[in-house]
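> Sharing a structure, written as structure tokens. Questions coming.
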Amino acid sequence: MRDPDFLQTLWFVLIGVLWVGYFVLEGFDFGVGILLRVLGRDTAEKRAIIHTIGPVWDGNEVWLLTAGGATFAAFPGWYASLFSGFYLAFLLILLSLIIRGVSFEFWGKDDSPRWRATWEWATIGGSFAAALLWGVGWADIVHGVAMNAQHNVTAKIWDLLHPYALLGGLVTLTLFVAHGAIFLALRTRGELLDRARALARRTMPLATVLLAGFLAWTAFDEPSGPVRLTAQVFAVLALACALAASWALAGKREGRAFAFSAGAIALLFVSLFAELFPNALPSTTSHAFDLTLAGASSASYTLTVMSVVAVIFVPIVLLYQGWTYWVFRQRLGREDFAGAPTPIAALRRLAGKPADDQAPPPAA
Amino acid sequence: MNALDFARLQFGVTTLFHFIFVPMSIGLAAWVALLETMHLRTGRELYLRMTRYWGKFLLISVAIGVVTGIVQEFQFGMNWSLYSRYVGDVFGSPLAMEGLAAFFLESTFIGLWIFGWGRLSPRVHLATAWAVAFGTALSAYFILVANSWMQHPVGYKLNPVTHHAQLTNIFAVLFNSTVLLAFPHTLFGAFATAGLLVLGISMWSLLRARHVDVFARSARLVLPIALAATVACGVFGDSQGRLLETQQPMKMAAAEALYNTTKGASFSIFAVGPFKTAPQHLDPDIRIPHLLSLIATLSWNGTVRGINQEQAAEQKQYGPGNYVPILGVTYWSFRLMVGAGTFMFLLSAIGLLLMRSGKLERSRWFCRAALVGIFVPIVANWSGWIFTEMGRQPWVVYGLLKTSQARSPDVSLASIVISLIAYVVLYGILIAVGTRLFVREIKHGPDDPPPPGGPPDDSASNLSLAY
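If you read the sequences in order, they're chains A and B.
Numbering-wise (our numbering), the first sequence opens with residue 1 and increments by one.
Numbering-wise (our numbering), the second sequence opens with residue 1001 and increments by one.
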């Protein structure tokens, strides 16, 4: 079995970075989506909550699409085995992402309570299912699935639902909820802030306990890769971040808490990627059938071309996405949206411009 | 139907659905950016109301286009794993580039555009609109690079061990002669699609004499754009046809139902036959003498290659097998595309003539024709894509890999049927809601102009840009 060469290792790391970016960013907007009706008591508050992620959730989701495209380009064998092998599970994730994706846009387009409630539940359901299923899926990938010599997965969908994978799902679900609550505590004010803060304080410790259990289970799962020790160091750091997030929350330091919850999510996935290395997808049927990075990868010419493209575009993307977060950094509250006749009026108010709320004279 | 048929049906259904909204979004993004530019340059409030009004259609279209695009990014791996393994080394790169260069750009800047009103300076806000327009067009380029490689594989070699395609020259792939024509053809098609959408909605509203300032200006502004886009789309399409004669002669022969290589070939305008790859006889088959040679070779007695000769040539090159696509599909999708394009050309040309003679706003029949014109570009886009893909069969990558060898062997028939049903149901809901929102926007119309001297008013519309 060949070891991955430099370029293959680099692309494994880059794809890891894309997934980490995806989970850190979309993680909080999943959390915000799940908490929409828990924290938002009326339409004005719900609008404030949706506005905290409104400008950024779509950009966050592109990290997933790019991770998919990069996997296709750099490790076609991995892309092929993974997405055909996890067919129905992945279908559920795609359906969840579609439902929550349109829900934001549709929600604001009509004022009737039934319409709003429908799309609120679409946001919640889609966010909840995706947050849970990503954890289940990644736990399965690290653990390995039944797979034959041609690298075709033979496991059925219920084979993916073993206790270790389900625990992985609970970990991402709770971590994302806590991460989302902290994000809201950072981006809201007034009563919303108080509620978000209280919820973050309650959920972060729960997420930490589950995370500890999951990481310990991962450590004692069957031995694998050469960088196992590194994986465990990252696991300990992930746990330390999760604990530090709770500590920062106790001191009402939301900025710090957000950095730590982001760190916990990032390090969890770094640790899982290190655990996986040098495999792309282990086979529980026989380790002889493991899909290795070396076996799944494109040739070095393609990897070189893609490296050049990544070196040019990744910094640009980081710059303008970072700028977006800077533009939309201000805290939002119920009072920004209460009584605003339209979303545009709310936007104008947020921008500090007077809005004329009077009805216009009838057109001639 | 077997699993392969269902997998193909699923790809067709999901892609056609996605492809309703993609050209619309590409065209509307550029249109909205143009309007905002005009607002900034002239300072006229009218253009601001136009920007916001058409911006709503852009956002509904983008929302549905984005979520259905998620499926597109992953279904190669889900349903076509053998294809993915075979082509990934070449085909994956444009997809990854599309994500890095185009998807990030459009999705990040559309958020800035929606929520940045009043917060960004007018110039920066305008720049976000152009960034979205540029991102959508760039995305079209990369996905057409990928598709063009399936039509005309270049810049690759076959790996001697794995027998998979392997990239040897990225520039050959990025500047494939096929994509250099397919991209402008698709891009101008997108501009025409959005142009006729704007025209149709404007004319319908003018018929009801509502918000005449916004809609008369929109119609007058969009007509020359729609005409130019339709003509350019046709010109590039015509060149594509001649390129196909050299790259995929079978596809063109099947498009014209020309069985035997002929000098001075006649052009079939109406033919019917059994639904199979190469029906033995067509009845009726009405043909115009010499016209096909004239179109295909630009000469009265030029030679056009026929299906039977191409079948023999491909058998000689690739071994025994049937290399003829389903004639009924290629023949009629090609005619539907050209026919729809001709309708689009006539509609925008007549509209322009009416406008010049000052009768545009009062012509009731033209208003009705323009309303029909909203749907015709969708038919053109669909039939164009169906022709391109079905005309390449039995190949998925022309000359290299057959569609029958591309499917995921580990995905069961039941799984495909489940996912197909799920997509059809969910997409059905999306189209119902999307259509309902479009109709509401059309009925509601744009915001009223602000009272003289007062600040801009935002209260008129409940259906606004942001959430």
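Glycine included, every Cβ here is placed at the ideal spot set by N, Cα and C.
If we require 4 or more residues per run, which alpha helix (DSSP H) segments fall completely within the segment 128 to 210 of chain A?
Segments of the alpha helix (DSSP H) lying fully in the segment 128 to 210 of chain A: 163 to 187.
> Answer yes or no: does any C-beta atom of chain A fall closer than 9 Å to that of residue 1036(B)?
It does not: the Cβ of residue 1036(B) has no partner Cβ on chain A nearer than 9 Å.
> For residue 1365(B), does the count of other Cβ atoms within 10 angstroms reach 16, so buried, or fall short, so exposed?
When all chains shown are included, residue 1365(B) counts as exposed.
> Please report whether the beta-carbon of residue 1104(B) lies at a distance below 9 Å from any beta-carbon of chain A.
Closer than 9 Å: yes.
> Name the chain A residues that come within less than 9 Å of residue 1409(B), Cβ to Cβ?
The answer, in chain order, is 84, 150, 152.
> On the three-state DSSP scale, how would you describe residue 1080(B)?
Correct three-state label for residue 1080(B): coil.
> Under DSSP, the alpha helix (DSSP H) around residue 1145(B) begins and ends at which residues?
Here the alpha helix (DSSP H) through residue 1145(B) covers 1122 to 1151.
> Would you please state the rounded distance, in angstroms, between the beta carbons of residue 147(A) and residue 285(A)? I believe it to be under 8 Å.
The pair is a contact, with the Cβ atoms about 6 Å apart (cut-off 8 Å).
> Could you tell me the distance, in whole angstroms, from the CA atom of residue 1142(B) to the CA atom of residue 11(A)?
So the alpha carbons of these two residues sit roughly 21 Å apart.
> Which partner residues does residue 1156(B) have in the DSSP bridge list?
DSSP, once it has assigned bridges, lists 1167(B) as partnering residue 1156(B).
> Measure how close the beta-carbons of residue 1322(B) and residue 1261(B) come, nearest whole angstrom, since I'm counting them as under 8 Å.
So it is not a contact: roughly 19 Å between Cβ atoms.
> Any C-beta of chain B sitting closer than 9 Å to the C-beta of residue 360(A)?
At residue 360(A), the pLDDT of 39 sits below 50, so the modelled position is not reliable; the number obtained from the coordinates is stated separately. So, interface residue.
> Straight-line CA distance for residue 123(A) to residue 1187(B)?
Rounded to whole angstroms, residue 123(A) to residue 1187(B) spans 33 Å at the Cα level.
> Among all the DSSP beta bridges, which residues are the ones paired with residue 1395(B)?
DSSP output for residue 1395(B) lists 1402(B) as bridge partner(s).
> Scan the segment 1001 to 1028 of chain B for residues whose Cβ lies nearer than 7 Å to a Cβ of chain A and list them as they occur along the chain.
So the list is empty, because no residue satisfies the distance condition.
> Find the residues of chain A that neighbour residue 1089(B), judging by a C-beta separation of less than 7 Å, and give them in chain order.
Correct list: 76, 298, 299, 302.
> Run through the DSSP bridge pairs and tell me what residue 291(A) is partnered with.
Partner(s): 281(A).
> On the DSSP bridge list, what partners appear for residue 1448(B)?
Beta-bridge pairing links residue 1448(B) to no other residue.
> Exposed or buried, which one is residue 1163(B) when buried takes at least 16 other CB atoms within 10 Å?
Per the 10 Å Cβ criterion, exposed.
> Is there a Cβ of chain B sitting closer than 9 Å to that of residue 363(A), yes or no?
Its pLDDT being 38, under 50, residue 363(A) is placed unreliably in this model, and the value from its coordinates should be taken loosely. It does; some Cβ of chain B falls within 9 Å.
> Can you pull the chain A residues whose beta carbon is under 7 Å from the beta carbon of residue 1097(B), in chain order?
Here the neighbours are 309.
> I'd like to know whether the C-beta of residue 117(A) is nearer than 9 Å to at least one C-beta of chain B.
Taking Cβ atoms only, chain B never reaches closer than 9 Å to residue 117(A), which makes this a no.
> Can you tell me whether residue 1358(B) is buried or exposed, with buried defined as 16 or more other CB within 10 angstroms of its CB?
Flag for residue 1358(B) reads exposed.
> Take the Cβ of residue 363(A) as the centre, count every other Cβ of all protein chains shown within 10 Å, and call the residue buried at 16 or more, exposed below.
Confidence at residue 363(A) is low in this model, with a pLDDT of 38, below 50, so the placement of that residue is unreliable and no value is reported for it.
> Check the C-beta distance from residue 1406(B) over to residue 1417(B) and give it rounded, since I have them as a contact under 8 Å.
19 Å between Cβ atoms; not a contact.
> For residue 3(A), report the span of its beta strand (DSSP E) as first-last.
Note, residue 3(A): premise wrong, no beta strand (DSSP E); not H, not E.
> What residue range is occupied by the uninterrupted alpha helix (DSSP H) comprising residue 1278(B)?
Careful: residue 1278(B) lies outside any alpha helix (DSSP H) and carries neither H nor E.
> Report yes or no: is there a C-beta of chain B within less than 9 Å of the C-beta of residue 90(A)?
Yes - at least one Cβ of chain B is within 9 Å of the one on residue 90(A).
> Using 8 Å as the cut-off, can you tell me whether the segment 1382 to 1397 of chain B makes contact with the segment 1328 to 1340 of chain B, which would need three or more C-beta pairs spanning the two stretches below that distance?
Yes, they touch.
> Starting from the beta carbon of residue 94(A), find every residue of chain B whose beta carbon is closer than 8 Å, and list them in chain order.
The contacting residues are 1070, 1071, 1074.
> With a cut-off of 9 Å, does the C-beta of residue 23(A) fall near any C-beta of chain B?
Answer no: the Cβ-Cβ gap between residue 23(A) and chain B never drops below 9 Å.
> So, residue 1111(B) versus residue 54(A), is the Cβ gap smaller than 9 Å?
Going by C-beta atoms, residue 1111(B) is nearer than 9 Å to residue 54(A).
> If contact means a Cβ-Cβ distance below 8 Å, which residues of the segment 1404 to 1434 of chain B contact chain A?
Within the segment 1404 to 1434 of chain B, the residues whose Cβ lies closer than 8 Å to some Cβ of chain A are 1408, 1409, 1410, 1411, 1415, 1418, 1419, 1422, 1426, 1430, 1433, listed in chain order.
> DSSP state of residue 964(B), grouped into three classes?
In the structure as shown, chain B starts at 1001 and stops at 1467, and residue 964(B) therefore has no counterpart that could be examined.
> Beta-carbon separation of residue 1194(B) and residue 1023(B) under 9 Å?
Their beta carbons are under 9 Å apart, which means residue 1194(B) touches residue 1023(B) by this criterion.
> Using a C-beta cutoff of 9 Å, does residue 290(A) count as contacting chain B?
Not closer than 9 Å to any Cβ of chain B, the Cβ of residue 290(A) fails to qualify, so no.
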